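S.K.: Below is the structure I would like to discuss, written out as structure tokens.
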Amino acid sequence: MDDLLKEIGKRMYDRRKQKNLTQEALAEKANVTPQTISTAELGHKAMRPETIISVCNALEISTDYLLRGDITPSDYNTLIQKSSNLTPSQYRHLEDIISSYIAAVKGSEA
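For the sequence shown, position 23 matches number 23 in the UniProt record's numbering, and the numbering has no gaps at all.
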């Protein structure tokens with residue numbers, strides 16, 4: 001159980017940093033205390049189900065991603081929403097960036 005809590009905490013921490021949020025800012029968005037965020041990120045204490053949902057909403061991730069590390073259709077929909085307001089030219093540029101990134105990541109795994 002401790003390893004699972006640490007993995008959840010790591011995903012939560014990584015996503016919070018990706019969103020440029022402090023623990024305090026995330027706590028405010030999720031309507032929890034900063035200590036709740038801290039103990040969860042450190043893997044010291046499990047969160048209640050309603051807290052998990054609030055944190056996931058604040059971080060714009062699915063509960064499947066936070067709890068298991070699985071990417072779901074709702075996670076993909078977040079990307080689709082973010083790219084939906086791009087011009088056709090911007091969209092094609094984003095497509096090139098994503099293709100280059102995937103090729104680089106796949107190449108580094110070899």
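For every residue, glycine included, the Cβ atom is placed at its ideal position computed from N, Cα and C.
Just so we're clear, the structure is a prediction, and the values are computed from it rather than from any experiment.
Would DSSP call Arg-48 helix, strand or coil?
M.R.: Position 48 of the sequence shown holds residue 48. DSSP places Arg-48 in coil when its eight states are reduced to three.
S.K.: Going by Cα to Cα distance, which pick from Leu-94, Leu-59 and Pro-73 is closest to Ser-83?
M.R.: In the sequence shown, the residue the question calls residue 83 occupies position 83. Out of Leu-94, Leu-59 and Pro-73, Leu-94 has the C-alpha closest to the C-alpha of Ser-83.
S.K.: Assuming Met-12 and Leu-66 make a contact with CB atoms under 8 Å, what is their CB distance in whole Å?
M.R.: Within the sequence shown, the letter at position 12 stands for residue 12. Within the sequence shown, the letter at position 66 stands for residue 66. At roughly 6 Å, the Cβ-Cβ gap stays under 8 Å, so Met-12 and Leu-66 are in contact.
S.K.: Need the endpoints of the alpha helix (DSSP H) that Ile-102 sits in, please.
M.R.: Position 102 of the sequence shown, counted from the start, is the residue given in the question as residue 102. Note, Ile-102: alpha helix (DSSP H), 88-109.
S.K.: Counting C-beta neighbours from all protein chains within 10 Å, is the total for Ala-58 16 or more, i.e. buried, or is it exposed?
M.R.: The sequence position of residue 58 within the sequence shown is 58, counting from 1. Buried: at least 16 other Cβ atoms inside 10 Å.
S.K.: Does the Cβ of Val-105 have 16 or more other Cβ atoms within 10 Å, making it buried, or fewer, making it exposed?
M.R.: Position 105 of the sequence shown, counted from the first residue, corresponds to residue 105. Classification of Val-105: exposed, given that the 10 Å Cβ count is below 16.
S.K.: Here's the rule: buried if 16 or more other CB atoms are within 10 angstroms of the residue's CB, otherwise exposed. What is Ile-80?
M.R.: Walking along the sequence shown from the start, residue 80 turns up at place 80. Per the 10 Å Cβ criterion, exposed.
S.K.: Going by beta-carbon coordinates alone, are Gln-23 and Ile-8 separated by less than 9 Å?
M.R.: Here residue 23 refers to the residue found at position 23 of the sequence shown. Here residue 8 refers to the residue found at position 8 of the sequence shown. Against a cut-off of 9 Å, the Cβ pair of Ile-8 and Gln-23 comes out as no contact.
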